[in-house]
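Residue numbers (my numbering): 2 to 199.
C-beta atoms are modelled at their ideal positions from N, C-alpha and C, and glycine is treated no differently.
These notes are about the structure you will find just below.
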């Protein structure tokens, strides 16, 4: 269904379904939320839903993919004007933390999906893309002698893990201001890869 070419109005309706379902799934949970809840909340019929998505599961996977693409776009925008790979890592990490802070619903859905067999693969695919982006910058930094020669893939997964956990703990649980959390995550990750700058 997602391969269908959409008119501008169709694309808008599909985006509305995704946005509203994101809100409902984050507030009420994936399992308790039904297709009927989504269409009733938007004031449309089930036929509209099934025109765009074959199932609630397909919609949820699309929510995950859309959010992961938006996260990645925010990071790519943040680094686009910088040639230094270490600086790109710093800016990308910061952009990722700030995006996650601003998109609490999506982050909550990632946490749920990561532990749900039907959706864990979609989350992992997005994570692999983010790690591959980091690995490319890490490899370039190693080649240029800017950081010590360490396993770039391990460093990439470490950056992702630190970013996710510190964001959840310090923003969600402790209420620390997102910019301060981003500073902490960047500092920790830069020390970890050996790219700290005095």
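Under the DSSP assignment, residue 69 falls in the alpha helix (DSSP H) whose first and last residues are 57-80. Just measuring C-alpha positions, the residue of 195, 21, 26 sitting nearest residue 142 is 195.
Per DSSP, the unbroken alpha helix (DSSP H) holding residue 11 starts and ends at 9-29.
Residue 19 and residue 192 have their C-alpha atoms some 39 angstroms from each other. The straight-line gap separating the alpha-carbon atoms of residue 53 and residue 10 is approximately 12 angstroms. Relative to residue 47, the option among 104, 117, 122, 15 whose CA is nearest is 15.
DSSP places residue 145 outside both helix and strand once states are collapsed to three, so it counts as coil. Spanning the alpha carbons of residue 50 and residue 190 requires a straight line of approximately 43 angstroms. Counting other Cβ atoms within 10 Å of its Cβ, residue 149 stays below 16 and is therefore classed as exposed. Exposure of residue 125 is indicated by the presence of fewer than 16 other C-beta atoms within 10 angstroms of its C-beta. A contact is defined here as three or more CB-CB pairs under 8 angstroms, and the region 130-138 fails this definition with respect to the region 112-121. Counting the other CB atoms within 10 Å of its CB gives residue 91 a total of 16 or more, which places it among the buried residues. Cβ-Cβ distances below 8 angstroms link residue 97 to 72, 75, 76, 131, 164 in the same chain, with the five nearest sequence neighbours on each side left out; the list follows chain order. Counting only runs of 4+ residues, the alpha helix (DSSP H) found wholly inside the region 95-166 occupies 105-115, 118-144, in chain order.
In terms of CA proximity to residue 59, 123 leads the group 7, 17, 123. Excluding the 5 residues flanking it on each side, residue 36 has same chain C-beta neighbours closer than 7 angstroms at 47, 50, 57, in chain order.
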